[in-house]
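Peer 1: Pasting a structure below so you can have a look.
There are 2 protein chains.
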Amino acid sequence: MARSDRLLRLLQALRRHRHPVTADALAAELEVSTRTVYRDIAALIGNNAPVRGEAGVGYVLGAGYDLPPMMFTADEVEAILIGLNWTRNRADPSLRRATEDVLAKLGAVLPKELRPMLLDSPVIAPVVGVDIVQDSIDVGLLRGAIRRSLKVSISYRDGQGAASERTIWPFRLAYFEMVRVVLAWCELRQEFRHFRTDRIAHAECPGVRYPEQRAVLQRRWEEREMPKYLARAKARNPDG
Amino acid sequence: MARSDRLLRLLQALRRHRHPVTADALAAELEVSTRTVYRDIAALIGNNAPVRGEAGVGYVLGAGYDLPPMMFTADEVEAILIGLNWTRNRADPSLRRATEDVLAKLGAVLPKELRPMLLDSPVIAPVVGVDIVQDSIDVGLLRGAIRRSLKVSISYRDGQGAASERTIWPFRLAYFEMVRVVLAWCELRQEFRHFRTDRIAHAECPGVRYPEQRAVLQRRWEEREMPKYLARAKARNPDG
DNA sequence: AGGCTCCTGACGGATTCTGTCAGGAGCTGT
DNA sequence: ACAGCTCCTGACAGAATCCGTCAGGAGCCT
């Protein structure tokens, strides 16, 4: 019995038992020592399996490891398809793969009668005539930093061509038709700033968390900065 | 990279590609030799995965593997969020509700650690400065007709202001930054035509199915009409 | 026919795995 | 407080597995 098979069987065993199972019982079922069971459980947890072990009790598998079957209406599938299609054309490599993985997972989870929609999609979001600006950095790094509330050091070249080095606290990434923009608190200016990702020549994430909650920065930005953007947009385009 | 992890990644890679994938491509993606890919494929098959390999072609994953896909990754949730956000701002009422329902269903399924992303989303698709053209008809009716391959009668007013009544066979709805466009076969002209939804003054769907498969119309359109659009876009915008 | 591709076998070095032993710490019921 | 159960970790050494390389066979497509 290869280890990879055993891990699957272990997962099945945990799924089967709603009530806590002891490592001993699992060891007996899988015909290995308890030590190996602990190692295997550790491997599952390393794979983000939500298995909780409590001393004196045993193991229970929580929800949220695999994707349960999902029921969507046709409208909902269309909404997802349009969005993923649009996103895919503006995505960094890992986000692009993510769009494809979502489709694949949906295909595996949707009821059969909805599955054909994924193949000959009734809706699309085409890019004809749009010059989507390409990035030179890996935007995936920025997304990761935002998710984890990490500082990022960037080399930026603004609209006038002036270069600068800054450390920013990124809290949101805005996807526009042609460009992506990082919203961040700028340590250099001590102000909110935004940075077009295509003008970032270099980005580095040393893994330092910034001392503020992402949601707080987002809310503060919406209160203080957003109105300015809206006003400026209104001035450019009065009937918008 | 442990083997058990790799097997899951291999499975997901097979799910992602609906066209045949070669062992070489899989080896590149998983960063192992092709020999190992063959071994891993054999392992999957040993686990009853319906993966078919044909010489000269590649591998395809058949339907009906009982191992459910893994939960969405953070990247995948971001891809969905960006897309839904963009779609919501351009959606007819029922599609708009659909975007919200998808979010709710997603929230019900996501594990705790990913759920905050739905609230303080790290990504957005804003509409500042974009004048999204509103429709006077219910685009939901068009979407429904496309899904069911039904004829639609429309009153159209073209770019020059000339009005006309037509019956069309709609097969696809294209979402652009500002407008939506129905792609259809036009009974009046006996040609492929496209219609901006905001220029459709009235639309009616008597419930008559058109005598052609949607996928066939789509494919034919892609072969015959799509190149024209691309060429026209290229002429307008040479560096696109 | 030629080019891809799947597929299998063998081999050896590197890596991983596994059981045993020992011990720490938390939970539960008495 | 205590005993009993359980999760959990570390070390170690022999066993097993894994993996890349090489070689070759067979099927599919143009």
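The listed protein sequences correspond, in order, to chains A and B. Using numbering that gives the first Met the number 0, the final residue of the first sequence is 239, and nothing's skipped along the way. Using numbering that gives the first Met the number 0, the final residue of the second sequence is 239, and nothing's skipped along the way. Backbone N, C-alpha and C define an ideal beta-carbon position, used for all residues, glycine too.
(1) Hey, could you find the ends of the alpha helix (DSSP H) proline 169 of chain A is sitting in?
(2) Answer yes if the stretch 147-165 of chain B comes into contact with the stretch 175-195 of chain B, meaning at least three C-beta pairs across the two stretches below 8 angstroms, and no otherwise.
(3) Using only the alpha-carbon positions, how far apart do aspartate 39 of chain A and methionine 0 of chain B sit?
(4) Contact defined as beta carbons within less than 8 angstroms: I believe aspartate 134 of chain A pairs with threonine 196 of chain A. What is the distance between those atoms, to the nearest angstrom?
(5) DSSP on alanine 124 of chain A, reduced to helix/strand/coil?
(6) Given a cut-off of 8 angstroms on the beta-carbon distance, is the pair isoleucine 136 of chain B and alanine 202 of chain B in contact?
(7) What's the C-alpha gap between leucine 94 of chain B and leucine 117 of chain A?
(8) Does the distance from the C-beta atom of valine 129 of chain B to that of methionine 69 of chain B stay below 8 angstroms?
(9) For tyrosine 155 of chain B, which residues does DSSP report across the bridge?
(10) Under the assumption that leucine 105 of chain B contacts arginine 142 of chain B (Cβ atoms under 8 angstroms), give the Cβ distance between them as a whole number of angstroms.
(11) Three-state secondary structure (DSSP) at glycine 106 of chain B?
(12) Closest by CA to proline 115 of chain A, which one among B:Ala214, B:Gln11, B:Arg231?
(13) With DSSP collapsed to three states, give me the class of histidine 16 of chain B.
(14) Taking one C-beta from the stretch 8-22 of chain A and one from the stretch 39-50 of chain A each time, how about it: are there three or more such pairs within less than 8 angstroms?
(15) Taking the alpha helix (DSSP H) that glutamate 221 of chain B belongs to, which residues open and close that run?
(16) Determine whether the beta carbon atoms of alanine 78 of chain A and alanine 97 of chain B lie at a separation below 8 angstroms.
(17) What are the boundary residues of the alpha helix (DSSP H) that valine 132 of chain B is part of?
(18) Under the three-state reduction of DSSP, which class applies to leucine 9 of chain B: helix, strand or coil?
(19) Chain A partners of proline 110 of chain B, CB-CB under 9 angstroms?
(20) Closer than 8 angstroms, Cβ to Cβ, to anything on chain B: give me those residues from the stretch 204-222 of chain A, in chain order.
(21) Roughly how many whole angstroms lie between the Cα atoms of glycine 239 of chain B and proline 92 of chain A?
(22) What residue ranges within the stretch 23-88 of chain B form continuous beta strand (DSSP E) runs of no fewer than 3 residues, ordered along the chain?
(23) I believe leucine 60 of chain A touches valine 50 of chain A by the beta-carbon criterion, under 8 angstroms. Please report the beta-carbon distance rounded to the nearest angstrom.
(24) In the structure shown, what three-state DSSP assignment does arginine 114 of chain A receive?
(25) The beta strand (DSSP E) that contains leucine 182 of chain A, what's its start and end?
(26) Leaving out five residues on either side along the sequence, give the residues of the same chain with a beta carbon under 8 angstroms from the beta carbon of tyrosine 58 of chain A.
(27) Kindly indicate if chain B contains any beta-carbon less than 8 angstroms away from that of aspartate 119 of chain A.
(28) Any beta carbon of chain A sitting closer than 8 angstroms to that of tyrosine 228 of chain B?
(29) Is valine 181 of chain B near the ligand FAD - that is, is its Cβ less than 7 angstroms away from at least one heavy atom of it?
(30) Whole angstroms are fine: how far does the CA of phenylalanine 170 of chain A sit from the CA of proline 226 of chain A?
(31) Ordered along the chain, which non-local residues of its own chain (more than five positions away) have a Cβ less than 8 angstroms from that of tyrosine 209 of chain A?
(32) Given a cut-off of 8 angstroms on the beta-carbon distance, is the pair arginine 89 of chain A and tyrosine 37 of chain A in contact?
(33) Step through the CB atoms of chain A and report whether any lies within less than 8 angstroms of the CB of threonine 98 of chain B.
Peer 2: With the structure as the only source:
(1) In the first sequence, the residue the question calls residue 169 of chain A occupies position 170. Note, proline 169 of chain A: premise wrong, no alpha helix (DSSP H); beta strand (DSSP E) at 162-174.
(2) Verdict: yes, contact present.
(3) Counting from one through the first sequence, the residue named residue 39 of chain A turns up at place 40. Counting from one through the second sequence, the residue named residue 0 of chain B turns up at place 1. C-alpha separation (whole angstroms): 15 angstroms.
(4) Numbered from its first residue, the first sequence carries residue 134 of chain A at position 135. Numbered from its first residue, the first sequence carries residue 196 of chain A at position 197. Sure, about 5 angstroms apart at Cβ, within 8 angstroms.
(5) Here residue 124 of chain A refers to the residue found at position 125 when the first sequence is read from its first residue. In the structure shown, the three-state DSSP call for alanine 124 of chain A is coil.
(6) Counting from one through the second sequence, the residue named residue 136 of chain B turns up at place 137. Counting from one through the second sequence, the residue named residue 202 of chain B turns up at place 203. A contact, by the Cβ cut-off of 8 angstroms.
(7) Against the second sequence, residue 94 of chain B aligns to sequence position 95. Against the first sequence, residue 117 of chain A aligns to sequence position 118. Cα to Cα, the separation comes out at about 17 angstroms.
(8) Counting from 1 along the second sequence, the entry for residue 129 of chain B is found at position 130. Counting from 1 along the second sequence, the entry for residue 69 of chain B is found at position 70. No.
(9) In the second sequence, the residue the question calls residue 155 of chain B occupies position 156. Bridge partners of tyrosine 155 of chain B: B:Ser163, B:Ile199.
(10) Looking up residue 105 of chain B in the second sequence gives position 106. Looking up residue 142 of chain B in the second sequence gives position 143. At roughly 21 angstroms, the Cβ-Cβ gap does not stay under 8 angstroms, so leucine 105 of chain B and arginine 142 of chain B are not in contact.
(11) Stepping through the second sequence from its first residue, residue 106 of chain B is reached at position 107. Helix.
(12) By one-based count along the first sequence, residue 115 of chain A stands at place 116. Minimum Cα distance to proline 115 of chain A is reached at B:Ala214.
(13) As a position in the second sequence, residue 16 of chain B is number 17, starting the count at 1. Residue state, collapsed to three classes: coil.
(14) The stretch 8-22 of chain A vs the stretch 39-50 of chain A: in contact.
(15) Numbered from its first residue, the second sequence carries residue 221 of chain B at position 222. From DSSP, the alpha helix (DSSP H) with glutamate 221 of chain B extends over 213-223.
(16) Counting from 1 along the first sequence, the entry for residue 78 of chain A is found at position 79. Counting from 1 along the second sequence, the entry for residue 97 of chain B is found at position 98. Closer than 8 angstroms, so yes.
(17) In the second sequence, the residue the question calls residue 132 of chain B occupies position 133. Per DSSP, valine 132 of chain B belongs to no alpha helix (DSSP H) and is neither H nor E.
(18) Position 10 of the second sequence, counting from 1, holds the residue named residue 9 of chain B. Shown here, leucine 9 of chain B sits in a helix according to DSSP, grouped into three states.
(19) Reading the second sequence from its first residue, position 111 is the one you call residue 110 of chain B. By Cβ distance, chain A contributes Asn47, Pro49, Gly61, Ala62, Gly63, Tyr64.
(20) Result list: Arg213, Ala214, Gln217.
(21) What you label residue 239 of chain B is simply residue 240 of the second sequence in a count that begins at 1. What you label residue 92 of chain A is simply residue 93 of the first sequence in a count that begins at 1. Note that glycine 239 of chain B scores a pLDDT of 42, beneath 50, so its modelled location is shaky; the value from the coordinates is reported in the next line. Rounded to the nearest angstrom, the gap between the Cα atoms of glycine 239 of chain B and proline 92 of chain A is 20 angstroms.
(22) Within the stretch 23-88 of chain B, the runs of beta strand (DSSP E) at least 3 residues long that lie entirely inside it are, in chain order, 50-53, 57-60.
(23) The residue given as residue 60 of chain A occupies position 61 in the first sequence. The residue given as residue 50 of chain A occupies position 51 in the first sequence. Correct: roughly 5 angstroms between the Cβ atoms.
(24) One-based indexing of the first sequence puts residue 114 of chain A at position 115. Coil, per DSSP.
(25) Position 183 of the first sequence, counted from the first residue, corresponds to residue 182 of chain A. Where leucine 182 of chain A is concerned, the enclosing beta strand (DSSP E) stretches over 179-185.
(26) One-based indexing of the first sequence puts residue 58 of chain A at position 59. Leu13, Pro19, Val20, Thr21, Ala22, Leu25, Ile40, Val50, Arg51, Gly52.
(27) Numbered from its first residue, the first sequence carries residue 119 of chain A at position 120. Look at aspartate 119 of chain A: its C-beta is under 8 angstroms from a C-beta on chain B.
(28) The sequence position of residue 228 of chain B within the second sequence is 229, counting from 1. Chain A, which has a Cβ nearer than 8 angstroms to the Cβ of tyrosine 228 of chain B, makes this yes.
(29) In the structure shown, the ligand FAD is absent, as is every other ligand, since no ligand is present at all.
(30) In the first sequence, the residue the question calls residue 226 of chain A occupies position 227. In the first sequence, the residue the question calls residue 170 of chain A occupies position 171. Distance between the alpha carbons of proline 226 of chain A and phenylalanine 170 of chain A: 18 angstroms.
(31) Here residue 209 of chain A corresponds to residue number 210 of the first sequence, with the count starting at 1. If the five residues before and after tyrosine 209 of chain A are omitted, its C-beta is found closer than 8 angstroms to the C-beta atoms of Ser148, Leu149, Lys150, Trp168, Trp184, all from its own chain and listed in chain order.
(32) Taking the first sequence and counting its residues from 1, one reaches residue 89 of chain A at position 90. Taking the first sequence and counting its residues from 1, one reaches residue 37 of chain A at position 38. The answer is no: Cβ separation not under 8 angstroms.
(33) Residue 98 of chain B sits at position 99 when you count from the first residue of the second sequence. Yes, contact with chain A.
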